[in-house]
Amino acid sequence: MFCTSALVVAASLAPLLGDTSDRIASAVSASRAGIDIGFALVVGAAMQPGLARAAEVRPDRLWAIVRPLAVTGAGLAAVSSALHLYARLVDALPDSEVTISAVGRYIGALGVGKALAASFVLAVLAFVVAANPRTGRSGYATGLMMVGLVGMLPVALSGHSAHDGGYVDIMVVTVAAHVIGALCWVGGLVVTGTVLRADRSLAAVMLPRFSRTAAIAAVTVGISGVVGGAVVVVPGHSAAAILGSAYTWLLVAKAVGLAMILVSGARLRFVVIPRIVAGRPAAVTSWVAGEIALMGVVFGLAALLVNAGPPA
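Numbering (this note's numbering) for the sequence shown: -17 to 294.
Here it is, written out as structure tokens:
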């Protein structure tokens, strides 16, 4: 549900934004969404051993539940990185044949090419680590989380480098904070929800722990998003240019989606989780599923920002 909603939003709305062909615009946005989703699943899977530390569950049993998502996420990130590189190359050289040498020149000449190559290599490394049954132990899981976080940063930073508004240092910090917070928040919820579907008895231990982590991540995402968006949109632009930009309205739509997720998360934290801890019935699975679907829409909107230029 999460993957589907993100990919549908990114691919279907992308042709409305740029001067590129519909197919290329959809490919660029959908492949970028695939990178985001893939690394989010890797990071979320790596969080599970820590969230379940106080529960009576063997690490190998927990990782048996989580490993398919981690492996799938790493594979999706690797494939999407390669597709994103190909789509960007076709967009940059529409009349040229895409060859190995052309790909090499693109990677060597442009920062975005180097970033995608780095993300591809780290996604492959994450795939190897995730496939190891021992990764369920905390030390291995921490390493996998670091690979997932670092793997996403080059693509995110290169995607925003052209829209820094002259405030490069601020953009680097806000983008890094935004990416780390989003991967932990979204990936953690998606994978935790999957674990709870497989073993509902872990809810009383894992949900309160994840809720605290999610609260910190949500605040980080919100603050960094506001600062980063303001740096891109406000400096040097008139009110008419700001209000007439697709970039602005994508940011607004993303902010509305995040606000809805925060409201849903607050109810989960202050209403649903206390019921679970007290041993009373609660519709946790359906509530988490709805929040995950909404997160997918927001991820799709974030991927669309790749094609949307800032106010002119």
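From the three backbone atoms N, C-alpha and C, an ideal C-beta is built for every residue, glycine too.
Presumed contact (8 angstroms Cβ cut-off) between residue i and residue j, rounded CB distance
i    : j    : result
F281 : A15  : 6 angstroms
V203 : G163 : 4 angstroms
A56  : A97  : 17 angstroms between Cβ atoms; not a contact.
V129 : A108 : 5 angstroms
L165 : K236 : In fact, because the Cβ distance is near 16 angstroms, the residues do not count as touching under 8 angstroms.
V215 : I205 : Not really, about 16 angstroms apart at Cβ, beyond 8 angstroms.
V279 : G239 : 6 angstroms
I6   : D73  : 5 angstroms
V48  : V173 : 6 angstroms
Per-residue DSSP class, three states only, for residue i
i    : result
R40  : coil
D18  : helix
R49  : helix
S220 : coil
R5   : helix
R257 : helix
A284 : helix
A27  : helix
R116 : helix
L75  : coil
R70  : helix
A60  : helix
T87  : In the sequence under discussion, the amino acid at residue 87 is Arg, which differs from the Thr named in the question. R87: helix per DSSP, three-state reduction.
A34  : coil
Boundaries (first-last residue) of the alpha helix (DSSP H) holding residue i
i    : result
V80  : No alpha helix (DSSP H) contains V80, which DSSP labels as neither H nor E.
V150 : V150 to A164
A186 : A185 to V215
S246 : A228 to R249
R179 : G170 to A180
A105 : G93 to A113
Same chain, Cβ closer than 8 angstroms to residue i, neighbours up to 5 away in sequence not counted
i    : result
N114 : Y122
V209 : I152 and T156
A91  : none
E273 : L171, I243, S246, G247 and L250
Cβ neighbours of residue i in the same chain (closer than 6 angstroms, five flanking residues each side left out)
i    : result
V168 : A22 and M277
R119 : P41
V110 : none
7 angstroms Cβ shell around residue i - same chain, five flanking residues per side excluded
i    : result
A64  : F102
V105 : Note on residue identity: the sequence assigns Ala, not Val, to residue 105. Closer than 7 angstroms at Cβ, skipping near neighbours: G20, A56, A59, A60, S63 and G133.
S13  : S62, L65, H66 and A69
Check: residue i C-beta below 7 angstroms from any heavy atom of the ligand HEM
i    : result
W231 : Because no ligand of any kind appears in the structure shown, any question about the ligand HEM cannot be addressed here.
Contact between the segment 47 to 59 and the segment 22 to 37 is defined here as three or more beta-carbon pairs at a separation below 8 angstroms; is this criterion met? Three or more beta-carbon pairs drawn from the segment 47 to 59 and the segment 22 to 37 are found closer than 8 angstroms, and the two stretches are therefore classed as touching.
Is the number of C-beta pairs between the segment 76 to 94 and the segment 117 to 132 that are closer than 8 angstroms three or more? Touching, no.
Decide if the segment 181 to 193 is in contact with the segment 253 to 261; the criterion is three or more beta carbon pairs, one per stretch, under 8 angstroms apart. Because the criterion of three Cβ pairs below 8 angstroms is met, the segment 181 to 193 and the segment 253 to 261 touch.
Do the segment 164 to 184 and the segment 266 to 273 meet, that is, are 3 or more Cβ pairs less than 8 angstroms apart? Output reads yes: the segment 266 to 273 touches the segment 164 to 184.
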